[in-house]
Every structure is written in structure tokens, then in C-alpha cells.
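Be aware that the sequence shown starts at 161, since it is given in our numbering, and climbs by one per residue.
First comes the structure, then the notes that go with it.
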Amino acid sequence: LDACGAIGAVRGISRNGDGFIAVRSGSGGKYKMIDKLYRNGEYIIMCDSKGKWTGIVYGENCGVGTPISRRQPYKGSCKSGWVYEKYIRLIAG
């Protein structure tokens with residue numbers, strides 16, 4: 161299987177709200193916020209899911225389309241983390 165197989169996009173960011181979605185270090189609101197995504201439509205790669213949280217990788221040339229033999233944490237040059245599923249939309253997968 162591919163390391164990460166689905167392409168998604170950020171959605172639901174409101175100027176009337178925080179203006180970003182939080183990227184967290186784990187699959188839940190109690191985990192530390194490690195980054196913020198500010199643009200609706202920004203592409204992300206969906207790699208994992210736990211409950212209502214999705215593990216993502218984002219950036220350019222992340223190299224996550226290569227097949228791997230077993231599940232493992234992302235260790236590439238792009239950023240990665242977890243976002244609440246409500247704020248992403250599946251585009252292809």
C-alpha cells in the first residue's frame with residue numbers, strides 16, 4: 161500500500177472565527193498545537209485517522225506515495241500532524 165493514499169483540502173476556515181485550523185501533535189484537542197493552516201483549499205495528504213481526527217502530511221514533494229511494508233511515523237522533510245476531520249475534505253483517494 162502507498163504510505164499515504166488520499167489527497168484532501170482544508171475547508172471551513174472562517175474570518176469570523178480563529179482564521180486557521182490547528183495542526184496538533186496527536187489525535188485530539190488535548191495534544192499540543194504544532195502549526196496552523198490558514199487557507200481554505202490548501203492541499204494536504206491524508207495518512208491516518210483516529211476517531212474524528214486525521215493524520216496529515218503537507219508541503220511540497222513529501223514522498224508519501226511510495227509503498228511501504230508496515231505502518232510507521234512520517235520522517236520526511238514535510239510537516240505532519242493531526243487535524244480535526246471537519247476541516248478537511250477528501251479530493252482523491
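Don't be surprised by glycine CBs; every beta carbon is placed ideally from N, CA and C.
Because the structure is a prediction, the values reported are computed rather than measured.
Using DSSP bridges, identify the partner residues of residue i.
i: glycine 219; result: For glycine 219, which the question treats as bridged, DSSP gives no partner whatsoever.
i: isoleucine 204; result: Gly168
i: arginine 184; result: Met193, Trp242
Go through its chain and collect everything with a Cβ distance to residue i's Cβ below 7 Å, but skip five positions before and after it.
i: glycine 188; result: Trp213
i: cysteine 164; result: Ile205, Met206, Cys207, Val217, Val224
Which residues in the same chain have their Cβ closer than 6 Å to the Cβ of residue i, if we skip the five residues on either side of it in sequence?
i: alanine 252; result: Ile167
Identify the continuous beta strand (DSSP E) that holds residue i and give its terminal residues.
i: lysine 239; result: 239-244
i: aspartate 195; result: 193-197
i: isoleucine 248; result: 248-252
- Check whether the stretch 239-249 touches the stretch 166-176, counting contact only when three or more Cβ pairs, one atom from each stretch, lie closer than 8 Å. yes
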